[in-house]
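Single-structure report; data block below.
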Ligand code: SF4
Ligand code: FES
């Protein structure tokens with residue numbers, strides 16, 4: 005395949021940055037999107053040019069680091085997958101592909117396509133711990149009965165990989181889908197009840213301090229989330245937040 009890549013290049017956080025064109029003509033439809041970028045970078049290195057910086061780790065949809073805006077969509081044109089799971093057969097020979105970093109004030113660009121998502125880490129840290137006995141008498145997980153429906157919903161919420169596509173795709177740069185998934189994965193389980201009120205209050209406070217926007221129920225986050233995290237979680241987080249606020 006021959007493609008024209010239009011890639012956001014930015015030397016550092018202070019640099020203004022801009023789109024640079026890279027024609028490529030040795031792309032196999034069976035390559036993953038990241039492998040295609042690897043090939044481009046190999047060519048750039050051989051020409052003595054600076055390779056394109058982009059984030060990646062697991063390359064199998066688990067770690068959430070491969071965060072790119074491709075042709076105006078978070079994680080590219082396919083649904084329910086991350087960039088590392090996207091293959092070049094999803095594009096046509098001769099296509100022009102725009103590749104940009106996440107755009108959100110709370111995710112500043114560090115270099116090229118790499119953004120600083122440590123705001124998510126700080127929100128998770130604000131959530132704290134859960135109280136379980138780990139002092140040698142740990143209970144068997146099956147000793148605590150949990151309704152199947154709640155177990156399923158908690159598991160679904162826990163599949164959030166913290167990629168940030170929800171923020172990048174939201175017109176308000178809201179982090180509500182991410183935070184609500186992290187709140188819900190504990191709020192639905194008995195193990196998460198002891199610190200439930202502090203958890204939701206602290207996580208929402210940290211989310212606001214990080215500069216994320218508010219949720220206006222457009223639902224773009226759910227559409228573009230590679231894990232299909234449901235908007236139901238935002239409703240649950242709002243209920244948890246109100247209940248915790250009333251209790252003080
Ligand atoms: S809710 Fe979805 S889009 Fe947002 S961080 Fe989690 S996995 Fe990524
Ligand atoms: S590299 Fe880990 S999810 Fe894509």
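Residue numbers (my numbering): 5 to 252. The beta carbon of each residue, even a glycine, is placed where N, CA and C say it ideally should be.
From residue 210 to residue 171, what distance separates their C-alpha atoms? So the two alpha carbons sit approximately 15 Å from each other.
Reduced DSSP category for residue 178 - H, G, I as helix; E, B as strand; rest coil: Strand.
With three or more beta-carbon pairs closer than 8 Å as the criterion, would you say the segment 117 to 127 touches the segment 188 to 203? no
Consider the C-beta atom of residue 63 and the heavy atoms of the ligand FES; say whether any pair is separated by less than 7 Å. yes
Would DSSP call residue 90 helix, strand or coil? coil
Cutting at 7 Å between CB atoms, please list the residues of its own chain near residue 109, excluding the five before and the five after it. 177 and 215
Just curious, the alpha helix (DSSP H) that residue 126 is in, first and last residue? Residue 126 -> alpha helix (DSSP H) spans 122 to 131.
Cutoff 6 Å; reference residue 228; Cβ partners in own chain excluding five residues on either side: 78, 169 and 173
Check whether the Cβ of residue 165 sits closer than 7 Å to any heavy atom of the ligand PLP, and report yes or no. Among the ligands present in this structure, namely the ligand SF4 and the ligand FES, the ligand PLP is not found.
Would you call the segment 148 to 165 in contact with the segment 184 to 193, where contact means no fewer than 3 C-beta pairs closer than 8 Å? The segment 148 to 165 and the segment 184 to 193 touch, with no fewer than 3 CB-CB distances between them shorter than 8 Å.
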